[in-house]
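Enquirer: Submitted below is the structure of interest, expressed as structure tokens.
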Amino acid sequence: MVLSQCLRKREYIMLEQKVKVLVIDDSVLVRKYATEVLSRINGIEVVGSAPNGKIGLQKIYLYRPDVVLLDIEMPEMDGIELLKVIKKNRQKGSSPYVIIFSSLVEEGAEVTFEALAHGAVDFIKKPEGKIADNIDYLLREFEEKILGLYSSIREKWKKIVIPENRALEEREEPYRGIFQGIENLDKVLSEKPIIPEIVVIGASTGGPVALRRIFEDLEEIPVPMVIVQHMPAGFTLEFAKNLRNLYERRVEELCDGDVLENGTAYICPGGFHSRIERNEEKLVFRIDREIYEDIFFKPSVDIFLSSVYQTVGKNSLVVILSGMGRDGTSQCFELRKEGAIIIAQDMKSSVVWGMPGSAVKRGGVDIIVNLEDIGRAINKIVKRV
């Protein structure tokens, strides 16, 4: 089944209204092909394009797009400058989501993470070679990343016509058997007196920014931490450097055969699936080169957690952060049954409540916690070690 046929089966294709997209890029060809590809996607309306941030800002005010596809290096006002203006003037529920359209080079990766720090929610790497030869790639990426934001965009639409307190009441429904708020963490710990051997964090859209917030509160932890972030090959190394330099702690991109060390945070390499195995008392990282036709994201949270289930089992702490889709849901459910502690980021603080929301609805979560409190929750749980 081709991608477009698969995507038509998704709920977000049945849109109440189309997602409005503005393309900002100094390349005439990029604007042309991006607009053409976006216009072919059911559920997306391209409201305009701009050659730089200055004109782009005017069109943001004029057209009120839901999503901005943004280049970084442009004349007059570049992408970072535009993001700063958007962030400064942000009003609740009114600013567009910004997706960076970046080239895959080391310098581009570094500036991409700067863009994420200033409010971009995700990024798409520009294809190598001619854009005209990569239409299928662009279709897949644009569909996944832009329409994946639909549920969050829909909440913004609802706020326009529903009083804020009523909108919150509709979203914050209780889930049976799942605690909500860090004030209830002690109840989880009394039910699950585990001693974690590993901390695993799974994330996608909104994950890099969420991880920065967690690292602000994170103390030295006595176990390894592994971060499974949906990210292309090449960007994860720069992401590890970014976190290491910002927070002056040990953060490394994993390589096949690495032994996991206590107190170190690891990033699974982009473009590959990842696993851990046990070698005597040590946990060893392995690249999983098996082909999974039904799994698009590399690395996959579910695939990594399946190896955690097999090697560590209940002595695991898993945190599912903002991200689209259902990755992690299946194995969170199994690990929770085994006795592991599973934390999900709450809807209010998530860019996309896809991955955490799916795990919650499946019953694979012990407690739902706001992003502001997740770092402190991790600290408290691992202090048992």
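Count the sequence shown with our numbering and you get residues 55 to 439, in order.
C-beta atoms are modelled at their ideal positions from N, C-alpha and C, and glycine is treated no differently.
Computed from a predicted structure; not experimentally measured.
At the level of alpha carbons, what is the spacing between E99 and V242?
Expert: So the two alpha carbons sit approximately 45 Å from each other.
Enquirer: L136: buried (16+ other C-beta within 10 angstroms of its C-beta) or exposed?
Expert: Counting Cβ neighbours within 10 Å, L136 comes out buried, since at least 16 surround it.
Enquirer: Here's a check: name, in chain order, each residue in its chain whose Cβ is nearer than 7 Å to the Cβ of P129, leaving out the five neighbours to either side.
Expert: So the list reads D80 and N106, once near-sequence residues are dropped.
Enquirer: Quick check on the DSSP output: the beta strand (DSSP E) that includes V77 runs from which residue to which?
Expert: Counting along the chain, the beta strand (DSSP E) containing V77 begins and ends at V73 to I78.
Enquirer: Express the C-alpha separation of V152 and V122 in angstroms, rounding to a whole number.
Expert: About 5 Å.
Enquirer: In three-state DSSP terms, what is V406?
Expert: Note: V406 maps to coil in three-state DSSP.
Enquirer: First and last residue of the alpha helix (DSSP H) that includes F293?
Expert: Where F293 is concerned, the enclosing alpha helix (DSSP H) stretches over F289 to Y301.
Enquirer: Please confirm if the stretch 183-190 is in contact with the stretch 253-267, defined as three or more CB-CB distances below 8 Å between the two stretches.
Expert: Taking 8 Å as the limit for Cβ pairs, the verdict is that the stretch 253-267 does not touch the stretch 183-190.
Enquirer: Hey, L371 and I432: beta-carbon distance below 9 Å or not?
Expert: Yes, the pair counts as a contact, with Cβ atoms nearer than the cut-off.
Enquirer: So what's N316 in DSSP terms, helix, strand or just coil?
Expert: Coil, per DSSP.
Enquirer: For K180, write down the residues that DSSP places opposite it in a beta bridge.
Expert: In DSSP, K180 forms a bridge with S157.
Enquirer: Excluding sequence positions up to five away, which residues of its chain have a Cβ less than 6 Å from the Cβ of K63?
Expert: Residue placement at K63 is flagged as unreliable, the pLDDT there being 37, under the threshold of 50; a coordinate-derived value is accordingly withheld.
Enquirer: Whose C-alpha, out of L389, G417, A394 and I422, is nearest the C-alpha of S404?
Expert: Taking only the C-alpha atoms, the option nearest S404 is I422.
Enquirer: Report the three-state DSSP secondary structure of R340 (helix, strand or coil).
Expert: If DSSP states are grouped into helix, strand and coil, R340 belongs with the strands.
Enquirer: According to the Cβ coordinates, are R11 and D420 closer than 9 Å?
Expert: For the chain, the structure presents residues 55 to 439; residue 11 sits outside this window and is missing.
Enquirer: Buried or exposed: R438, going by 16 or more other Cβ atoms within 10 Å of its Cβ?
Expert: Per the 10 Å Cβ criterion, exposed.
Enquirer: Output yes or no for whether 9 Å exceeds the beta carbon distance between F326 and K352.
Expert: For F326 and K352, yes; Cβs fall inside 9 Å.
Enquirer: Looking at the structure shown, is S103 part of a helix, part of a strand, or coil, going by DSSP?
Expert: If DSSP states are grouped into helix, strand and coil, S103 belongs with the strands.
Enquirer: Quick one: what does DSSP say L371 is sitting in, helix, strand or coil?
Expert: Looking at L371 - three-state DSSP - the assignment turns out to be strand.
Enquirer: Might you give, ordered along the chain, the residues of its own chain that have their beta carbon closer than 6 Å to the beta carbon of Q46, omitting 5 neighbours on each side?
Expert: An answer regarding residue 46 cannot be provided, because it is not within the stretch 55 to 439 covered by the chain.
Enquirer: Buried or exposed: E273, going by 16 or more other Cβ atoms within 10 Å of its Cβ?
Expert: The residue is exposed, with fewer than 16 neighbouring Cβ atoms inside 10 Å.
Enquirer: Quick one: is D176 buried, meaning 16 or more other Cβ sit within 10 Å of its Cβ, or exposed?
Expert: The residue in question, D176, is buried, as its Cβ has 16 or more Cβ neighbours within 10 Å.
Enquirer: Taking only the alpha-carbon atoms, compute the straight-line gap between L222 and M401 and give it to the nearest angstrom.
Expert: The pLDDT assigned to L222 is 37, lower than 50, so where the model puts this residue is not dependable; a value taken from the coordinates is nonetheless given after this. Those two C-alpha atoms are separated by around 10 Å.
Enquirer: Quick test of the definition: if touching needs 3 or more C-beta pairs under 8 Å, does the stretch 79-97 touch the stretch 186-201?
Expert: Short answer: they touch.
Enquirer: What residue range is occupied by the uninterrupted beta strand (DSSP E) comprising N96?
Expert: Where N96 is concerned, there is no enclosing beta strand (DSSP E), given that its DSSP letter is neither H nor E.
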